[in-house]
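Protein sequence lines correspond, in order, to chains A and B. Throughout, our numbering is defined as the position within the first sequence, counted from one, plus 931. Throughout, our numbering is defined as the position within the second sequence, counted from one, plus 1. Where is the CB? At the ideal position from N, CA and C, for every residue including glycine.
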Amino acid sequence: MPDGWLIDITDSAPGTGVVLWLKERSTGRVDTRRLPWRPPFLVDGPSSLLDRVERTFAPDPAVERIERRTERPSLFDRRLRRVLAVTARTNFARRRLATAIDALGGYRALTLYDVDLSAPQLYHLAHDLYPFAPVVWDGAGVRATEPPETIDYAPVPIRWVPLETRFDGARRGGVIPPGAAVESVRVGPVEVKEESEAATLLALVRALATQDPDLLLTDGGDALDLPRLFERAQALGLDEEAFFLGREPAAFRPIRRSSSYESYGRIYHRDTAFSIPGRFHVDGRDSFLYGDASFEGMIDAARLSRLSLQSIARQSPGTCFTAMEMAHALTGGVHVPWKKNRPEEFKSLDRLLQADRGGVIFLPPVGVHGGVEEFDFSSLYPHIMVRHNLSTETLDCRCCPGSPYRAPGLGYRSCTKRPGLIPRTLSPLIARRLAYKTRLKDPSLSEAERDRYARRTKMLKWILVTSFGYQGYRNARFGRIECHEAINAYARDLIARLIPRSEAEGYRVLHGIVDSLWLAPSDPTHPPDPERYAVRMSEEFDLPLGYEGRYRWIVFLPSVTHGLGVPNRYYGLYETGEFKLRGVRSRRGDTPVLLEKAERAVLDRFAEERGPDGVQRAVPEAVERLDAIAERVRSGAWPIDELVMTHRVGQDPSRYVVFTESVAALRQLEALGVHREAGQSVRYVLRDRSSRSFRDRVTVAERLPEDDRYDPVAYVELLARGADTLLSPLGFPYPTLCERWKVGAPVVRPRLRSPEQRAQRTL
Amino acid sequence: MGRTAPTYRQALEERLKRWDSFGQLLTDPEDRAAFERIRRGTRRYIAQATYAGSPDLLESILLSALVDLARELPKRSGTGPPSAGTSPSPRGG
């Protein structure tokens, strides 16, 4: 019986089944199995309406069959209900059909379940399979040899190669004109280049067949390599059978078009996505999770969520968590509602103000401090959800009116009889993360093992972090705002009770953010034992408080507007010699290398100091280091590529009304034939900050080697701004630095006004 | 995500904006400094006021300002109330 791994399940081309991609252990070859699979979705509602749905849709050509079933579809159902199970003729028609049925119920009267789970996802769950499962297979079927929750599983031998395309007459990173011909493609160790462009593309298909990778890793492939390769293939008359990047041919059209979207008040951009069946494509630039969790973490998440590695690479950790919830629900016999039908409960205004609050966030005392200890609760919110059984269906349940679990100050009860879906999903994740963390402490681990466990821990961390936020997200399938409020209430109460306990243990609270505390010994000559304190508090509060370490010194930074401390802006040096930096320039992705280097120069000097007094004494020397940098910047000799600034385009470029540097950059790109959309970034160097011409104000990074002039005064001023972040609480604020380096703040030009407007304003 | 009501921090900033016009008509520099001091004091206790969760915004703002002032009082007026020995003795007539 052959054995190996199930690396992926994809939809079959006609949409009437799935394709299982099986990698054989001994040969490393990948085989496919095509199986019929058309999972139904459920429709629940008043009996008369269900009859109508049946009558109306049974003759519909998009419908294969409609069956009556008795199920307990919702998490809240205690009794069996009569529902309809609707099977679409093809899996691709499921959503369209569901929309039509939903419309028949006026989008309100019917509740639909399992609509937007993909056929592969449902196949996994119905057959006890999961991505990257070790499997054996024969004529009877494919069987996983261990459960997905296994912690110590053998690493899957994924074969991956980097892929990079070069275009005729264009530098990668420069402007690549639309329609530019493919010059060569690097696939792993091979540079594919033939006499003609068409021959190069066909040679690429052969190179992929020879190397047979499971995964293509690109840097910007979703935006550049894949769309351009398919575009060129089409332009050269190659068809889908001749040119393909997966293990079998697929349509050239993208499965997802590019779009801009907003999340937490920021605009993001999602590139086009193409399907390459049998292979994965990970765009290192576009995949948030790849950067942090790498393949190891993503494989771990794929196993638990039943999502394809391809989805994990393109989606957020929140999607993984939702998929995990869905998997738990379905394996427990509960179905997944398509649309959330649970509005927030009515509350009085006072009650709303009481309930709608976050965790405790202190303002730290500005300045440099010594002997500070940092403590963090590990996965505090997930632990709270598990400890207090907080879940959408367990909150204020009917069965436990006398429940002792009550959210402090709010009174929401949680069930004592049935563990909720969210705690059931979270518990194994918390245990898994703890197991990996414990393993990481083993000094005998090899480098590869250490990296593997660290990546998996990181992935789980992100999933656990989002698990809380999703409780408050209006579209989260199993989310409920009252759960979100209860979690916060428990967290606030915890910190409030921890403060007097910490004081009794010999500490005073310097700073605290939700689940982290910075404590200083009340009597510096007799500091308490931090490890013992952490253990004692963990036991007392039944939540894991970890000791992060002691700082030789830590600087809490002030707000620019009112001078009081800012909760998450500080930098400090642990006793171990390691820095912790939050909210300083080099932590931001948009900072030019110049500012990172300047910050490094200051921090390197401070790193020599063992205490706050030393830091204070070292300030003049640190400023002298900055003087040298400022001097070189002013002379115009600073390397131009270290001055590139990045700006995320916050709205459609045509909607900008004020002429800013990024607008100048956008216009310059447009002139070069490159269009940027909201959520994408522009990279540029300040060329002449006072110029009103988009050509002179900045130079976009794409044009850099041709034009290496920069505005020295603007960069010295920027340096003062950057240095101010670190040095303002140490006596060198921005105005002092500007004066020292003889630069002024940038002139804010008055808006252009008509003489009438000006006259009006002086009245 | 999911936020319906403004946070205390936002409500405070909104209220402080309303106080701006009060400050505009303060002409004495000492008055202005005192006004700034009060504004600053209200911001110092955001965490505590949020935790208290009073439905009365002004109560939280005033309590914050008062605590901030009370904390400065001993520093400004010496160590405590004036002792009997220093009070002027009544003059005989």
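Query                                                                                                     : Result
Neighbour-count burial assignment, GLU1256/A, 16 or more Cβ in a 10 Å radius                              : buried
Rounded straight-line distance, which links the Cα of ALA35/B to that of PRO82/B                          : Because PRO82/B sits at a pLDDT of 46, beneath the cut-off of 50, its placement in the model cannot be relied upon, and the point is left open.
Beta carbon proximity, ARG1423/A to chain B, threshold 7 Å                                                : yes
Whole-angstrom distance between SER1322/A and ARG1411/A, CA atom to CA atom                               : 8 Å
GLY86/B to ALA1435/A span [Cα, whole Å]                                                                   : Its pLDDT being 39, under 50, GLY86/B is placed unreliably by the model, and the measurement read from it follows with that caveat. For GLY86/B and ALA1435/A, the distance between alpha carbons rounds to 40 Å.
Alpha-carbon to alpha-carbon, ARG16/B and ARG1237/A                                                       : 50 Å
Residue-chain proximity (LEU1526/A, chain B), Cβ-Cβ < 7 Å                                                 : no
Rounded distance between the beta-carbons of GLY1228/A and TYR1401/A, thought under 8 Å                   : So it is not a contact: roughly 19 Å between Cβ atoms.
Residue-chain proximity (ALA6/B, chain A), Cβ-Cβ < 7 Å                                                    : yes
Residue environment, GLN1582/A, which counts as buried when at least 16 other CB atoms sit within 10 Å    : exposed
Per-residue contacts from GLY54/B into chain A (C-beta, under 8 Å)                                        : LEU1284, GLN1285, ARG1288, GLY1340
Min CB distance HIS1300/A to chain B below 7 Å                                                            : no
Neighbouring residues, chain B, relative to ASP1281/A (Cβ below 9 Å)                                      : PRO56
Where HIS1266/A falls, given that 16 or more other Cβ within 10 Å makes a residue buried                  : buried
CB contact check: ALA48/B to chain A, cutoff 7 Å                                                          : yes
Whole beta strand (DSSP E) elements within the stretch 1448 to 1531 of chain A, 3-residue minimum         : 1476 to 1489, 1496 to 1505, 1510 to 1513
8 Å contact criterion, which VAL1613/A and VAL1580/A should meet: CB distance rounded                     : 6 Å
Presumed contact (8 Å Cβ cut-off) between PRO1295/A and HIS1442/A, rounded CB distance                    : 4 Å
Assigned secondary structure, MET1576/A (DSSP; H/G/I helix, E/B strand, else coil)                        : strand
Residues that ILE938/A contacts on chain B, provided the C-beta gap is smaller than 7 Å                   : What ILE938/A touches in chain B: nothing, since even the nearest Cβ is about 34 Å away.
Reduced DSSP category for ARG1178/A - H, G, I as helix; E, B as strand; rest coil                         : coil
Cα-Cα separation, THR1030/A to GLY1036/A                                                                  : 10 Å
Backbone CA spacing between GLY94/B and GLY1662/A [nearest angstrom]                                      : Bear in mind that a pLDDT of 30 at GLY94/B, under 50, signals an unreliable position, so the model cannot answer this.
Partner residues on chain B for VAL1396/A, Cβ-Cβ distance less than 9 Å                                   : Result: empty, since nearest Cβ-Cβ is about 13 Å, beyond 9 Å.
C-beta atoms of ASP1655/A and ARG1620/A nearer than 7 Å                                                   : no
Buried or exposed (CB count within 10 angstroms, at least 16 for buried), PRO977/A                        : exposed
Straight-line gap, PRO1180/A to ASP1170/A (C-alpha atoms, nearest Å)                                      : 9 Å
Cα-Cα separation, LEU1617/A to LEU1526/A                                                                  : 14 Å
Neighbour flag for ARG72/B against chain A, beta carbons, 7 Å                                             : no
Chain B within 7 Å of HIS1055/A, Cβ atoms only                                                            : no
Proximity winner among PRO7/B, TYR52/B, ASP21/B, relative to VAL1445/A (alpha-carbon distances)           : TYR52/B
Residues that PHE1537/A bridges to, as DSSP identifies them                                               : PHE1537/A is not bridged to any residue.
Closer than 7 Å to chain A by CB, THR43/B                                                                 : no
Where the stretch 1495 to 1508 of chain A meets chain B: residues whose CB sits under 7 Å from a CB there : LEU1495
For PRO1339/A and ILE1426/A, the rounded distance between their alpha carbons                             : 12 Å
Opening and closing residue of the beta strand (DSSP E) in which HIS1314/A lies                           : Taken as a continuous stretch (DSSP letters only), HIS1314/A belongs to no beta strand (DSSP E), being part of the alpha helix (DSSP H) at 1311 to 1318.
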